[in-house]
Amino acid sequence: MSHPSVVAPGRPVELAEGVHWIGALDPAMRRFDIILNTANGTSYNAYAVRGERGVAVIDTVKIEFADEFFARLESVCRYDEIRVIVLNHLEPDHSGALPELMRRAPNAELVLSQRAPSILKALVRELGTEPDYTPVGDGDFVDLGGRRLAFVNTPYLHWPDTQCTWLEDEAMLFSGDVFGCHFCDDRLWNDRVGDFRFSFDYYYQHIMRPFRSFVLEALDKLETLAPRVILPAHGPLLRSRPRDYMARYRRLATPELGSGGDERTLLVFYVSAYGNTARMARAVAEGAEQVSRLRVSLYDLQMSDVGQFVDLIEEADGLAFGSPTLNADAVKPVWDLLSSLTLVSVKGKFGAAFGSYGWSGEAVGMIEDRMRGLKMRVPVKGLKVKLNPTEDDLERCRALGRELGAHLTGTAKRRVVDIAELA
Amino acid sequence: MPKASVTFEDIGVTVTVPAGTRLIEVSEKVGAGITYGCREGECGTCMMKIIAGSENLAQPSVLEHQVLSDNLAPRAARLACQAQVLGGEIVVRPG
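Protein chains in written order, with this note's numbering: chain A, 1 to 423; chain B, 1 to 95.
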């Protein structure tokens with residue numbers, strides 16, 4: 001069976017009348033942005049839309065692929081015909097060719113979201129001049145003559161600047177990274193390429209998942225558009241059953257475990273070398289269990305695959321981490337779990353740290369710093385105990401659990417302290 | 001030295017501080033949910049909402065004003081790494 005590529009070197013691909021794909025394929029890519037694996041590369045999808053009064057270029061490509069992009073663009077229009085350059089997302093894989101495009105099309109108006117200008121200024125410093133631009137949001141549009149591009153503000157998919165662009169007459173949604181994936185196939189269309197469902201889900205899980213509340217807000221807007229075609233910035237172009245991909249996103253972004261009503265959840269994780277931090281962990285959990293409307297779970301991380309806890313953490317209200325101090329550091333299983341939390345949103349969750357130590361006890365403070373870095377709230381000062389916890393120490397652990405539980409259930413007493421009392 | 005009180009709504013803690021204290025000096029110690037990036041007033045990460053007492057904070061600098069503007073900040077927003085307490089009572093919440 002033949003492999004009917006629709007991409008030819010230096011040639012654009014017509015998607016509809018006056019609408020062309022002018023992007024680039026990167027089949028050799030195996031790891032993207034440090035964190036993402038890809039089995040067969042990726043694509044940088046850029047587009048050109050022609051109206052009666054000029055051409056709009058929507059996104060560009062990674063700088064290494066600029067020559068391909070410009071060759072395709074030049075097959076579609078002259079540079080003096082480019083009326084607007086729309087940037088749905090300014091990450092370098094989509095804005096790499098932007099400075100050169102601005103040089104070649106100096107009269108084109110730059111159109112971007114209202115959060116994008118600070119990034120734009122940093123990206124085009126090499127031009128030596130302050131860029132002119134038009135920030136847009138919901139309800140704004142560009143009239144190309146006979147057809148309009150409207151803009152949909154969809155922030156945090158996956159940067160603050162992200163937006164979608166809507167070609168009204170063709171019902172085409174230029175979605176940026178959302179609904180994209182790292183999957184390179186020169187047949188382009190989703191009904192022609194190989195099976196990319198795993199790439200689609202993988203991309204959501206690693207790029208969009210931390211922003212799932214923003215995904216749901218964006219879907220509320222985008223579903224009402226009912227696009228005929230979704231044109232993402234990476235991966236296959238979605239002309240067949242485009243709404244299925246929106247439905248998939250909604251399913252992926254909707255909490256799986258459901259709400260526990262007014263019950264709050266606390267997960268207590270620990271690693272213990274000699275059983276001391278384990279005893280502290282059990283005492284923290286015991287204390288928390290005394291708080292009504294709080295469900296407490298206790299997990300030993302020693303032999304656990306941290307990946308399995310990420311789903312639980314995404315749904316939990318509070319997290320407590322216990323770690324001994326080894327060589328002035330928290331132990332690796334705890335760091336492994338804490339570093340996995342960039343995959344989900346833990347902003348605003350309550351956290352606490354505790355642990356036994358022999359000499360210096362740095363682990364507790366380090367875990368607290370990490371939790372704050374993850375935008376968690378750490379309302380109870382961490383607890384560290386030198387070696388074997390006494391019954392008094394264990395009671396302090398129970399008190400920590402109770403106090404954390406009180407914060408989780410909204411029953412914490414308001415405190416007044418002097419700054420001198422804070423370490 | 002004149003004193004002021006800063007309440008962090010998200011954790012229900014009020015801290016008594018000397019006038020002149022910057023909020024960054026307090027919020028991390030007390031475990032409030034305000035987080036910091038550059039700590040120099042450029043990145044906007046530590047944007048917070050002033051619930052009450054905004055008049056008890058020093059006026060924003062030109063830089064802070066620009067960063068708030070760039071980030072489409074609402075009127076009640078300030079950067080915790082820049083906001084300096086003058087006195088009285090202030091109530092804040094992570095932005």
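No residue lacks a Cβ here, since even glycine has one placed at the ideal position from N, Cα and C.
For clarity, every value in this text was computed on a predicted model and none was experimentally measured.
Just so you know, the alpha carbons of residue 60(A) and residue 77(B) end up roughly 34 angstroms apart.
As a beta-bridge residue in DSSP terms, residue 329(A) pairs with 326(A). Taking 8 angstroms as the threshold, the shortest C-beta distance from residue 11(B) to chain A falls below it.
Interface annotation, residue 62(B): not in contact with chain A, CB-CB separation never under 8 angstroms. Assignment of beta-bridge partners to residue 163(A) by DSSP yields 153(A). By the neighbour-count criterion, in which 16 or more other beta carbons inside 10 Å mark a residue as buried, residue 93(A) falls on the buried side. Counting only runs of at least 3 residues, the stretch 238 to 318 of chain A fully encloses the following beta strand (DSSP E) elements, listed from N- to C-terminal order: 264 to 270 and 294 to 300. Put simply, the CB of residue 115(A) is near chain B, with a gap under 8 angstroms to one of its CB atoms. Spanning the alpha carbons of residue 400(A) and residue 45(B) requires a straight line of approximately 29 angstroms. If you ignore the 5 residues before and after residue 1(B), its C-beta comes within less than 7 angstroms of the C-beta of 18 and 19, all in its own chain and listed in chain order.
Boundaries of the beta strand (DSSP E) around residue 356(A): 350 to 357. Residue-level contact check: residue 41(B) does not touch chain A, since none of the beta carbons of chain A fall below 8 angstroms from its beta carbon. Judged by DSSP in its simplified three-state form, residue 82(A) adopts strand. With respect to chain A, the C-beta atom of residue 57(B) has no partner C-beta closer than 8 angstroms.
In the structure shown, the three-state DSSP call for residue 37(A) is strand. The beta carbon of residue 5(A) is closer than 7 angstroms to those of 186 and 187 in its chain, skipping five residues each way along the sequence. If you check the CB distance, residue 164(A) and residue 173(A) come in under 8 angstroms.
Per DSSP, the continuous beta strand (DSSP E) segment holding residue 26(A) begins and ends at 24 to 26. For the C-beta of residue 89(A), not a single chain B residue is nearer than 7 angstroms; the gap to the nearest is close to 17 angstroms. Where residue 69(B) is concerned, the enclosing alpha helix (DSSP H) starts and stops at 62 to 70. Residue pairing by DSSP puts residue 89(B) in a beta bridge opposite 5(B).
By the Cβ criterion, the stretch 283 to 290 of chain A is not in contact with the stretch 236 to 243 of chain A, since fewer than three pairs of Cβ atoms, one from each stretch, lie closer than 8 angstroms. Looking at the DSSP output, residue 49(A) shares a beta bridge with 19(A) and 56(A). Residue range 363 to 373 is occupied by the alpha helix (DSSP H) that includes residue 368(A). Restricting attention to 209(A), 328(A), 284(A) and 374(A), the CA atom closest to the CA of residue 337(A) is found in 374(A).
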